[in-house]
Each structure stands twice: as C-alpha cells, then as structure tokens.
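Student: One structure coming up, written as structure tokens, with questions to follow.
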Amino acid sequence: MKSLPPTSASCTPDSTAGSSSPDTSPATPGSKLCAIHQPNLFPRLSTLAKLFAADCWVVLDDVQFARRDYQHRARLAPLDAPHARQWLSLPTHLPNGRPTLISEGRLVEPLKSHRRVAERVRQHYGHSTHWKTVQTALEPVLDRFGTTDRTADIAESSALALLASVDWQGEVVRSSDLPARAGRSQRLADLAAAVGSGAYLCGTGGMRYLNAEPFAALRIVVVPFLLPDASVSGIWRSAREVSALWALATIGPERLADELRVSGLSHGRP
C-alpha cells in the first residue's frame with residue numbers, strides 16, 4: 271500500500287481543484303461511526319473526545335512520521351496551572367529518514383523513556399485525588415515498553431488506556447491492515463468503508479478541505495466533530511494543547527466521561 275504525504279491530522283488538506291463540500295447530513299441512526307487518527311502519545315483532550323465519540327478508531331499508522339506532531343510527544347500541565355506546559359517526548363529513530371512511516375519509528379532509549387514517562391506523569395499528577403485512576407491508565411503503557419521498541423505501539427497503548435479510563439467500548443483497527451486506494455480523501459473513505467462505517471467523523475480543520483466525492487460514492491456521510499464551548503466547562507480551554515491526562519487527574523474518570531458524552535452530542539449524529 272502506498273503511503274500518504276506527511277499529515278498532522280486524520281482529516282488533511284486535499285487540492286481544492288475539483289473538490290466539493292462534503293455531505294454533512296446527520297448519520298443514519300444506528301450507523302457505525304468511525305474516526306481515523308494517528309496514534310498520539312497521551313492524546314490531547316480534543317483528540318480523545320473525537321475517538322470517544324466514534325464506534326471505531328482506525329489507527330492511522332502507515333503515513334509518514336512527523337516530528338512536529340504528537341506521535342512521540344505530549345504536553346503535560348500541572349493540576350493548578352494548565353497553561354504551564356512541559357513536553358514529554360520519546361526520542362525516536364526514523365530508520366528510513368523523513369519517509370519513515372509512523373509504524374516504523376523506533377524508540378532510541380526504551381529504558382530511559384520508560385523511566386521518563388513514569389517520573390513525569392507522577393511528578394505532574396501524583397498529588398491528584400484521582401492519582402489511582404491516572405496510575406491505572408499509566409501501568410499498561412509502562413508495561414508496553416517491555417514488549418516493543420515501536421514508538422507507535424506506546425502511543426497507541428496510551429490512547430487506549432485513556433479511553434479505557436472513561437469506559438469506551440469501541441473497536442480499534444490499524445490502517446496498515448486495511449485495503450485503501452491512494453489520495454487523501456479517497457483513502458480515508460476507503461478506510462471508513464473497510465470497517466463497515468456509514469459515517470466518518472472529521473474535525474473542523476479537515477472539513478474545509480475534504481473532497482466529498484469519494485465518500486458520496488461509497489455512501490458514507492461525513493460528520494463534523496465540534497468541541498464544546500470552553501466557557502461551558504474549564505477542561506475544554508486547553509483541550510487542543512494539553513494531554514487528556516490533565517483532565518483525568520483534575521476531574522476524575524466519571525466526570526470526564528460525562529464531559530465526553532456531552533461533547534459527543536455536538537457531532538451531528540442523532
């Protein structure tokens with residue numbers, strides 16, 4: 271399967287030539303809703319919310335690794351200062367240079383990265399009243415360091431651990447295991463079809479560029495995903511910048527799950 275050019279999100283710009291506005295009609299009740307997104311290390315709340323709203327997460331692991339993105343790093347913030355951010359990074363070797371795919375990136379120093387993740391997360395959230403929940407989410411990620419040297423595996427496990435903490439019951443499939451044609455929008459449409467989805471969940475940035483035709487041809491509705499207004503709840507003010515670990519440690523799993531369920535009501539699916 272051919273890889274795509276570098277992307278920073280699952281909905282990525284296509285050429286505007288010949289493109290058309292996606293069909294954003296509400297998805298048919300009961301239709302399977304999928305999100306397609308790269309594996310991010312302890313993903314931001316905005317990313318977690320989109321994955322939580324979907325029935326299926328297609329892990330986009332066979333596109334080009336981009337160091338400017340979140341496949342190998344996350345922003346942590348202290349409990350009382352969400353704007354005082356610190357990077358948590360996993361040094362990653364790209365064996366094929368810039369064309370290296372996300373699935374091919376390798377941890378440079380697995381043991382040191384393991385210690386760094388454990389120490390930084392405890393440093394930021396060890397005093398939280400919800401530390402036990404954070405620790406429960408952290409444990410499978412730390413265990414994964416003992417079974418893989420692939421950065422993508424660590425990132426994927428961190429996202430799944432956060433989803434498990436809010437009792438997400440969806441399906442997870444890797445794009446590298448699915449058939450899809452070339453072309454950004456065509457590929458996204460093919461991936462959605464391959465998992466049997468009738469609706470594709472797309473962020474607002476991608477909605478400006480997505481080519482509707484491949485989705486329409488496969489009878490897949492493109493559903494816009496919108497974050498709640500930050501004025502409604504304080505946890506959403508830093509949703510696009512800070513790892514969802516901060517929200518989990520701040521309000522706990524039950525309240526966070528409630529917030530995510532409310533955010534899911536805004537994505538246009540009845």
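Numbering-wise, the sequence shown is residues 271 to 540 according to my numbering.
All residues carry an ideal CB built from backbone N, CA and C; glycine is no exception.
Quantities reported herein were computed from a predicted structural model and do not represent experimental measurements.
Quick check on this structure: which residue in His-397, His-353 and Leu-371 has the alpha carbon closest to the alpha carbon of Val-329?
Tutor: It is Leu-371 whose Cα lies nearest to the Cα of Val-329.
Student: Which term fits Lys-402, buried or exposed, when burial requires 16 or more other beta carbons within 10 angstroms of its beta carbon?
Tutor: Under this definition Lys-402 is an exposed residue.
Student: Which residue marks the beginning of the alpha helix (DSSP H) containing Pro-523, and which one marks its end?
Tutor: From DSSP, the alpha helix (DSSP H) with Pro-523 extends over 514-534.
Student: Near Glu-426, what residues of its chain come up, given a Cβ to Cβ distance below 7 Å and the 5 sequence neighbours on each side ignored?
Tutor: Once the five neighbours on either side are set aside, the close Cβ partners of Glu-426 are Pro-309 and Val-329.
Student: Whole angstroms is fine: what's the gap from Ser-316's alpha carbon to Trp-357's?
Tutor: C-alpha separation (whole angstroms): 17 Å.
Student: Go ahead and label Leu-408 buried or exposed: buried means 16 or more other beta carbons lie within 10 angstroms of its beta carbon, across all protein chains shown.
Tutor: Its Cβ being crowded by 16 or more others within 10 Å, Leu-408 is buried.
Student: For the alpha helix (DSSP H) that Phe-322 lies in, which residues bound it at each end?
Tutor: Note, Phe-322: alpha helix (DSSP H), 315-323.
Student: Compute the beta-carbon to beta-carbon distance between Ala-514 and Arg-355, rounded to the nearest angstrom, for a pair I have assumed lies under 8 Å.
Tutor: Not a contact, Cβ separation roughly 14 Å.
Student: Checking the sheet assignment: what are the DSSP bridge partners for Thr-362?
Tutor: BP columns for Thr-362 point to Leu-377.
Student: I'd like the span of the beta strand (DSSP E) that includes Val-442, first residue to last.
Tutor: Segment 441-444, the beta strand (DSSP E) holding Val-442.
Student: Between the Cα of Lys-302 and those of Trp-506, Val-532, Ser-533 and Val-491, spot the shortest distance and give me the residue it belongs to.
Tutor: Considering only alpha carbons, the answer is Val-491.
Student: Buried or exposed: Tyr-395, going by 16 or more other Cβ atoms within 10 Å of its Cβ?
Tutor: Tyr-395 is buried by the Cβ-count criterion.
Student: Would the beta-carbon of Pro-380 fall within 8 Å of that of Asp-423?
Tutor: No, these two residues do not count as a Cβ contact at 8 Å.
Student: Using the Cα positions of Arg-337 and Leu-448, report the straight-line distance between them to the nearest angstrom.
Tutor: The straight-line gap from Cα to Cα measures roughly 25 Å.
Student: Does DSSP classify Trp-212 as helix, strand or coil?
Tutor: It is not possible to answer for residue 212, since the shown part of the chain is limited to 271 through 540.
Student: Within a Cβ cutoff of 6 Å, which residues of the same chain sit near Leu-526, ignoring the five residues on either side of it in sequence?
Tutor: Taken in chain order, the residues that qualify are Val-436, Ala-517 and Leu-518.
Student: Bridge partners for Arg-457 per DSSP, in chain order?
Tutor: In the DSSP output, where bridge partners are listed per residue, Arg-457 has none listed.
Student: Please classify His-384 as buried or exposed, where buried requires at least 16 neighbouring CB atoms within 10 angstroms.
Tutor: His-384 is buried by the Cβ-count criterion.
Student: Which residue or residues does DSSP assign as beta-bridge partners of Val-491?
Tutor: Val-491 pairs with Ala-469.
Student: Which first and last residues belong to the alpha helix (DSSP H) in which Ile-424 is found?
Tutor: Ile-424 -> alpha helix (DSSP H) spans 421-435.
Student: Relative to the C-alpha of Gly-473, which candidate in Ala-388, Lys-320 and Leu-461 has its C-alpha closest?
Tutor: Comparing Cα positions, the closest option is Lys-320.
Student: Thinking just about the alpha-carbon of each residue, which of Glu-511, Val-512 and Ile-505 is nearest to the one in Ser-533?
Tutor: Out of Glu-511, Val-512 and Ile-505, Ile-505 has the C-alpha closest to the C-alpha of Ser-533.
Student: Ordered along the chain, which non-local residues of its own chain (more than five positions away) have a Cβ less than 7 Å from that of Pro-369?
Tutor: Within the same chain, Pro-369 has close Cβ partners Gln-334.
Student: Quick one: what's got a C-beta closer than 6 Å to Phe-495's C-beta in the same chain, skipping five residues either side?
Tutor: If we look at Phe-495 and ignore the five residues flanking it on each side, its Cβ neighbours are Lys-320, Leu-471, Gly-473 and His-537.
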